[in-house]
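Trainee: The structure is given below, and queries will be raised subsequently.
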Amino acid sequence: TPKELQSIICSQDKVNVQEWREACQYEMSNEQNAIVATSQTVQWFWQWVEEGDAERHANLLEFWSGSRYPPVFGFKKLDGEEDPLSGFKIHRARERKKDSLPTAATCDRLLELPSYKSYQKLANAMEMATTWCNNGFSNA
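Just remember that our numbering sits 20 ahead of the position in the sequence shown, which is counted from 1.
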């Protein structure tokens, strides 16, 4: 149908946060302080995502993957069926001060999160990174 074709070409504006969260991969490391789905920072991160509106989701997607739109066929299609490293990933930011800004490697869909002392510190850092860092590329 025309609506389905438009969805494939333009992707979907609405982000399914639950699907994104379920499809996300975490560090494959045996380190004691490796980040996992149950880490406090990760819990706060997904809380921040879930509380966000469409603009926050678009900014985060652009920061994390280089595209403001969710994957055309959904996040689960990127969960590593063909390539175990193809999906969205969260790793612990190493050798950085606590509460510093997160970084992302868009080609690898890798988000590196520092440890945060509170939800508010994480929220402030995520807002700053996803708002200001994205604007830097478009204004260059």
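Every residue, glycine too, gets a C-beta built ideally from N, C-alpha and C.
Since this is a predicted model, take the numbers as computed values, not measurements.
1. Return helix, strand or coil for Y46, following the three-state DSSP convention.
2. Going along the chain, which residues of its own chain have a beta-carbon closer than 7 Å to the beta-carbon of C162, five neighbours each way excluded?
3. Quick check on the burial criterion: 16 or more other C-beta atoms within 10 angstroms. Buried or exposed for N79?
4. Could you give the residue range of the alpha helix (DSSP H) that holds K141?
5. To which residues of the same chain is R112 closer than 6 Å at the C-beta, ignoring the five residues directly before and after it?
6. Going by DSSP, which residues form a beta bridge with A124?
7. Can you tell me which of the three DSSP states R114 falls into?
8. If L142 and W64 are in contact, beta carbons under 8 Å, what's the gap, nearest whole angstrom?
9. When the Cα atoms are used, what is the spatial distance from T58 to Q52?
Mentor: On the basis of the coordinates in this document:
1. As a position in the sequence shown, residue 46 is number 26, starting the count at 1. For Y46, the secondary structure class from DSSP, reduced to helix, strand or coil, is strand.
2. Residue 162 cannot be examined here, being either before or after the span of the chain that is shown, 21 to 160.
3. Within the sequence shown, numbered from 1, the residue matching residue 79 stands at position 59. By the 10 Å Cβ count, N79 comes out buried.
4. The residue given as residue 141 occupies position 121 in the sequence shown. Y139 to M148 is the span of the alpha helix (DSSP H), which, as asked, contains K141.
5. Against the sequence shown, residue 112 aligns to sequence position 92. Same-chain partners within the cutoff: I55.
6. In the sequence shown, counting from the first residue as 1, residue 124 sits at position 104. According to DSSP, A124 bridges with L131.
7. For the purposes of this step, residue 114 is identified with residue 94 of the sequence shown, where counting begins at 1. Coil at R114, not helix or strand.
8. Along the sequence shown, one-based indexing puts residue 142 at 122. Along the sequence shown, one-based indexing puts residue 64 at 44. Yes, they are in contact, since the Cβ atoms of L142 and W64 sit about 5 Å apart, within 8 Å.
9. Within the sequence shown, the letter at position 38 stands for residue 58. Within the sequence shown, the letter at position 32 stands for residue 52. For T58 and Q52, the distance between alpha carbons rounds to 13 Å.
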